[in-house]
Amino acid sequence: SQTIHQWPATLVQPVGSPLSLECTVEGTSNPNLYWYRQAAGRGLQLLFYSVGIGQISSEVPQNLSASRPQDRQFILSSKKLLLSDSGFYLCAWSVGTLYEQYFGPGTRLTVT
Amino acid sequence: ILNVEQSPQSLHVQEGDSTNFTCSFPSSNFYALHWYRWETAKSPEALFVMTLNGDEKKKGRISATLNTKEGYSYLYIKGSQPEDSATYLCAHSDSSYKLIFGSGTRLLVRP
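Chains as they are written, first to last, in the numbering used here: chain Y, 1377 to 1488; chain E, 12 to 122.
1) According to the Cβ coordinates, are residue 49/E and residue 75/E closer than 8 Å?
2) Mapping DSSP to helix, strand and coil, what is residue 1396/Y?
3) Contact criterion: CB-CB distance below 8 Å. Does residue 1482/Y meet it with respect to chain E?
4) Does the beta carbon of residue 55/E come closer than 8 Å to any beta carbon on chain Y?
5) Taking the C-alpha atoms as reference points, what is the distance between residue 81/E and residue 38/E?
6) In chain order, what residues of the stretch 103-116 of chain E put their CB closer than 9 Å to some CB of chain C?
7) Any contact of the stretch 1445-1464 of chain Y with the stretch 1390-1403 of chain Y, i.e. 3+ C-beta pairs under 8 Å?
8) I'd like to know if residue 1425/Y contacts chain E, where contact means its C-beta is closer than 8 Å to some C-beta of that chain.
9) Please report how far the alpha carbon of residue 59/E lies from the alpha carbon of residue 1485/Y, in whole angstroms.
10) How long is the line joining the alpha carbons of residue 112/E and residue 118/E, rounded to whole angstroms?
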């Protein structure tokens, strides 16, 4: 069966510090991968998606970036965090647009 | 409609009541409409994916309908139970690989 892992579960970082959140999927090949963020009081916002290794599409211009170094690994990064980067970050995978997305457990990021 | 809109924003019902929510989405270049349930302290969980106009799907006491021509979908819960309390999200996709989510309907079922 397929599983999706995200870490860390919670993170408190000072403004200006770097960020690296990792997501890995097991039990499937060539999944579509997604990073979402839910800011306080807001809905789920798509940040990045990837349909293959090295292929990243950005939805929102910001100081975050994503990379997909391996087929089932998706990394969200920042060189310098802003206060506005605080939120709940979810990674998800799917086999295609017509199929449901499966979400990881999420990372609660607080930038202080 | 340019974005995915959900109503109501929140809903409080008594145990046993039936309820429904609305999701409005762009009707042009439609590909799929997704419904998810997001319980507190958990990850969103897929309920339905619908692609055809007139689609109706059912899972237990929960069902959904789809009208792609006018750009709306309804989610129904029959005989609400406290464990149905959650945020219900709908998401729309066109021919790209991404989903655009609505802001959700937060349901609270009182015992």
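Idealized CB from N, CA, C, for every residue including glycine.
Model, not experiment: these values are computed from the prediction.
This is what the structure holds:
1) No, these two residues do not count as a Cβ contact at 8 Å.
2) strand
3) yes
4) Cβ-Cβ to chain Y under 8 Å: yes for residue 55/E.
5) 6 Å
6) Chain labels in this structure do not include chain C; the protein chains are Y and E.
7) yes
8) By the rule that beta-carbons nearer than 8 Å mark a contact, residue 1425/Y touches chain E.
9) Straight-line spacing of the CA atoms in residue 59/E and residue 1485/Y works out to 29 Å.
10) 17 Å
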